[in-house]
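Numbering (this note's numbering), first residue to last: 3 to 64.
We treat Cβ as the ideally placed atom computed from N, Cα and C, and that holds for glycine.
The block underneath contains the structure these notes are about, expressed in structure tokens.
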């Protein structure tokens, strides 16, 4: 499922609104064991453009 979510995010990365919506949906679809890998991939691919969105969804638990 993680590969599917990655594909979708790449296709919608042009739009901040769509990117955030699909990131939220994608996080519900992937396995808990895949989250760290997914987080690293997201920051590598979209960290420059969508960093504020990524920080919102991947902030560390307090």
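Starting from residue 18 and walking both ways along the alpha helix (DSSP H), at which residues does that stretch end? 18 to 31
Where do the ends of the alpha helix (DSSP H) carrying residue 50 lie? Run containing residue 50: none; DSSP gives neither H nor E here.
Delimiting residues of the alpha helix (DSSP H) encompassing residue 9: 4 to 14
Just to check my reading of the structure: residue 24 and residue 37 have Cβ atoms closer than 8 Å, yes? What is that Cβ distance to the nearest angstrom? No, residue 24 and residue 37 are not in contact; Cβ-Cβ is about 16 Å, not under 8 Å.
Assign residue 40 to one of three DSSP states: helix, strand, or coil. helix
Less than 7 Å between C-beta atoms, sequence neighbours within five positions excluded: which residues of the same chain meet that for residue 8? 43
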